[in-house]
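To start, the structure under review is shown below, and the notes come after it.
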Amino acid sequence: MAKKVLIFKGSPRKKGFTQQLLDELIRGVTDAGGEPILYELNSQEIIPCRGCTACYTRKGCSIKDYLSPMYEQMEEGASIVVASPLYYATITGITKVWLDRMHPILDGEHWGSRYPNLKYLTIFVSGNTEEDPMAEEGIDFTERSMLPFSWNHIGQIWVKYTDRPDFTLSDEVKYKAYEYGKELARE
Ligand SMILES: Cc1cc2nc3c(=O)[nH]c(=O)nc-3n(C[C@H](O)[C@H](O)[C@H](O)COP(=O)(O)O)c2cc1C
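If you count by the working numbering, then the sequence shown holds residues 13 to 199, one letter each, in order.
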């Protein structure tokens, strides 16, 4: 069975730099025989975590919406990509909503991961035209927030300075995204 690669895209822009990187990554997944599944976090109705804590005692989420299939896909061993621009030095609001909805992957008794060892990649895109220490903190905080999932972080792509006039993605970073796509698709 083809390995599923779940891609959580936190940029609202249809042809922005996040999407351009994902286009390359998706090509890599497909070339390696994997099945890319793109979750467009902005284009669907996603209900924020209600804090009902039902997931403390049983698997899955009591909310039934666009995100519902992801829990079973993770249980089956899918790979994960979290891709977000930086907005106010951190992930976009809708990406944080997704993160809160990830709570059911922790078991409420020991706070261990129900689905550990999944391969995952983080992608960040930042527009600031000068070095910004706050962005580094935001990224670090985001990745540390996901440590309880006990996933295997295979790498990070961080593309900076996208708001510079005439900015384009380098061939090097596009290739990197493509290669990560292939790696995520492998068992
Ligand atoms: C509301 C908003 C807030 C932003 N905040 C930051 C920021 O704090 N730091 C930064 O480097 N870029 C910031 N940017 C710039 C975006 O990260 C940049 O334009 C990026 O390319 C957007 O990703 P996309 O091309 O995939 O849409 C912000 C953009 C918007 C619209």
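Note that CB positions come from ideal geometry on N, CA and C, so glycine has one too.
When the alpha-carbon of N140 is set against those of Y187, Q168, Y99, the nearest one is in Y99.
Taking a C-beta distance under 7 angstroms as the contact criterion, Q56 and Y78 qualify as a contact pair. N164 has its Cβ no nearer than 6 angstroms to any heavy atom of ligand 1. The criterion of a C-beta distance shorter than 7 angstroms is not satisfied by I106 and Y132. By alpha-carbon distance to K71, the top candidate from R126, I103, C61 is R126. Fully contained in the segment 143-198 are the following alpha helix (DSSP H) runs of length 4 or more, in chain order: 145-157, 183-197. Q31 is positioned such that its CB atom lies no closer than 7 angstroms to that of L181.
The DSSP-derived three-state label of T141 is coil. P81: member of the alpha helix (DSSP H) spanning 81-87, first to last residue. For I49, same chain residues with a beta-carbon under 6 angstroms away, outside a window of 5 residues either side, are K16, L18 in chain order.
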